[in-house]
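K.L.:
The structure under discussion is supplied below as structure tokens; questions concerning it will follow.
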Amino acid sequence: MPSGEVVLSDVDRLKALQSEYRRKAALYRDNHPDVVRLAREIKALETELGVQADVDDLREQLQEAQRHLAELQGRYKDSHHEVVASQRLVAQLQESIRVAGASKSKAPNNAPQPDNPAYILLDTQLNATNSEIRSLEGKLVELRDKISHYEGLIQRAPDVEKDYQALLRDYANATAKYQDIKAKQREAAVSKNLEQEQKGERFTLIEPPALPLDPVSPNRPAILFLGFVLAAGAGLGFALVKEAMDGSVHGVRELTAVMGAAPLVAIPYIENAQDIQQHRRAWQISMAAGLTAGALFLFYLHFFYKPLDVLYFVIVNKLGLN
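Per our numbering, the very first residue in the sequence shown carries number 325; after that it's consecutive.
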């Protein structure tokens, strides 16, 4: 043709229709419009050509269909729709081979043998293309099956996560029960040892323990008394050491002892206004220090030993003044 399109012969067209018919018959019922139309066209073309189906081609297609059926049965159950369709296709091919063999034994084969080199080349290319198409269709089916499998896994992911969380909860509960049982086991072992050593007496708490009124330790009155004694002793010792280390002369007696003779006149120290002011300031500082020390002492007694009101009543009771 001028357009360069390949025109199939009637024989090739018959083969193409037969292949399409078997594929449709495997998918649909016999009363489906496509199946009925293809059967009618095949019958009309066979009547026109006066040829029967090629048994070798049918056997080749049967082998390919059986191989595909074995692959599907390895992946799916027998009730799967693809397995059922493949089984129907195998049955169709077996029936076509049986009918074609019977017809071939009864009637001579009037199919013309092609002798055109271009036709033979195109027929070879067509057969190779058909084989490649069948292989790609098988891979397509396999890819679709994988897609369906992965989609199913994705859909089941939330259920799997729920099961995982349930397993974690069960594990936590089992761990808690295990720890409880281990604790009870240890207690039972201790009780057993006590009973074996005749130390299994039971102690019953008759009355709850009362809070102590006075602290047992430390002995605060003793600490206070010891503090006063140590302070007084330290002050007296410091004064004695300072007096012993002082080399100055104080008074007429010390001067007489140093000089060996009594002085003619002894003039006492005459205080001026600055000395009086210093003495007054020292007395004020001493009074403030004494008051502060007394306040700190009362604060310590009240908060660290015993409240002052309680201490007052204790002293009154001990002195019998109430």
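Glycine included, every Cβ here is placed at the ideal spot set by N, Cα and C.
Just confirm the distance between the C-beta atoms of Q418 and L386, as a whole number of angstroms; I'd bet it's less than 8 angstroms.
P.N.:
Indexing the sequence shown from 1 puts residue 418 at position 94. Indexing the sequence shown from 1 puts residue 386 at position 62. Contact holds; Cβ gap of about 7 angstroms.
K.L.:
Rounded to whole angstroms, what's the CA-CA distance from A585 to E595? Just pull it up for me.
P.N.:
Your numbering for residue 585 matches position 261 in the sequence shown. Your numbering for residue 595 matches position 271 in the sequence shown. Computed Cα separation, rounded: 27 angstroms.
K.L.:
If I follow the unbroken alpha helix (DSSP H) through G571, where does it start and stop?
P.N.:
If you number the sequence shown from 1, residue 571 lands on position 247. Where G571 is concerned, there is no enclosing alpha helix (DSSP H), because DSSP gives it neither an H nor an E.
K.L.:
Identify which residue in L445, Q608, I421, G575 has its Cα closest to the Cα of P587.
P.N.:
As a working mapping, residue 587 is identified with position 263 in the sequence shown. For the residues L445, Q608, I421, G575, the minimum Cα distance to P587 belongs to G575.
K.L.:
According to DSSP, simplified to helix, strand and coil, what is E388?
P.N.:
Position 64 of the sequence shown, counting from 1, holds the residue named residue 388. Helix at E388.
K.L.:
Is it buried or exposed, Q416, if we count other Cβ atoms within 10 angstroms and call 16 or more buried?
P.N.:
Counting from one through the sequence shown, the residue named residue 416 turns up at place 92. Q416 comes out buried.
K.L.:
Measure the C-alpha to C-alpha separation of E531 and V638 and round it to an integer number of angstroms.
P.N.:
For this step, residue 531 is matched to residue 207 along the sequence shown. For this step, residue 638 is matched to residue 314 along the sequence shown. Between E531 and V638, the C-alpha separation is close to 28 angstroms.
K.L.:
Secondary structure at P536, three-state DSSP: helix, strand or coil?
P.N.:
Mapped onto the sequence shown, residue 536 falls at position 212. Reduced to three states, the DSSP call for P536 is coil.
K.L.:
DSSP on D402, reduced to helix/strand/coil?
P.N.:
Working through the sequence shown from its first residue, we reach residue 402 at position 78. The answer is coil: DSSP assigns D402 none of H, G, I, E or B.
K.L.:
Let's test the definition: count the other Cβ atoms within 10 Å of the Cβ of H392 and tell me whether it reaches 16, buried, or not, exposed.
P.N.:
Counted from its first residue, the sequence shown places residue 392 at position 68. Buried, since its Cβ has 16 or more Cβ neighbours within 10 Å.
K.L.:
With distance defined between alpha-carbon atoms, name the residue in K470, E388, R458, D447 nearest to Y400.
P.N.:
Translated into positions along the sequence shown, residue 400 becomes position 76. It is K470 whose Cα lies nearest to the Cα of Y400.
K.L.:
Buried or exposed: which applies to L560, given that a residue is buried once 16 or more other Cβ atoms fall within 10 Å of its Cβ?
P.N.:
By one-based count along the sequence shown, residue 560 stands at place 236. Flag for L560 reads exposed.
K.L.:
Does the distance from the C-beta atom of R544 to that of F623 stay below 9 angstroms?
P.N.:
For the purposes of this step, residue 544 is taken as residue 220 along the sequence shown, with counting starting at 1. For the purposes of this step, residue 623 is taken as residue 299 along the sequence shown, with counting starting at 1. No; because the gap between Cβ atoms is not below 9 angstroms, this pair is not in contact.
K.L.:
Round the Cβ separation of V407 and Q397 to the nearest angstrom and send it over; I've been treating them as touching at under 8 angstroms.
P.N.:
On the sequence shown, residue 407 is found 83 positions in, with the first residue counted as 1. On the sequence shown, residue 397 is found 73 positions in, with the first residue counted as 1. Between Q397 and V407 the Cβ distance is about 6 angstroms, and since that is below 8 angstroms, they are a contact.
K.L.:
Roughly how far, in whole angstroms, is the beta-carbon of V414 from the beta-carbon of A389, given that I think they are within contact range, below 8 angstroms?
P.N.:
Numbered from its first residue, the sequence shown carries residue 414 at position 90. Numbered from its first residue, the sequence shown carries residue 389 at position 65. About 5 angstroms; that satisfies the 8 angstroms criterion.
K.L.:
Could you tell me the distance, in whole angstroms, from the CA atom of N434 to the CA atom of T453?
P.N.:
Translated into the one-based positions of the sequence shown, residue 434 becomes position 110. Translated into the one-based positions of the sequence shown, residue 453 becomes position 129. Any reading at N434 must be qualified, since the residue scores a pLDDT of 49, below 50, and its modelled position is unreliable; the value itself is stated next. One C-alpha to the other measures close to 27 angstroms.
K.L.:
Does DSSP classify A619 as helix, strand or coil?
P.N.:
To locate residue 619, count along the sequence shown from 1; it is residue 295. Here A619 sits in helix by DSSP.
K.L.:
Alpha carbon to alpha carbon, how far is A296 from L535?
P.N.:
There is simply no residue 296 to check, as the chain begins at 325 and stops at 646 in what is shown.
K.L.:
Does any CB atom of chain C fall closer than 9 angstroms to the CB of D504?
P.N.:
No chain C appears in the structure shown, which is made up of a single protein chain.
K.L.:
Once DSSP output is grouped into helix, strand and coil, what is the label at P432?
P.N.:
On the sequence shown, residue 432 is found 108 positions in, with the first residue counted as 1. Only weak support exists for where P432 lies, its pLDDT of 49 falling under 50; the coordinates are left without a value.
K.L.:
For the alpha helix (DSSP H) holding Y636, just list the boundary residues, first then last.
P.N.:
By 1-based counting over the sequence shown, the position of residue 636 is 312. Unbroken alpha helix (DSSP H) run through Y636: 632-643.
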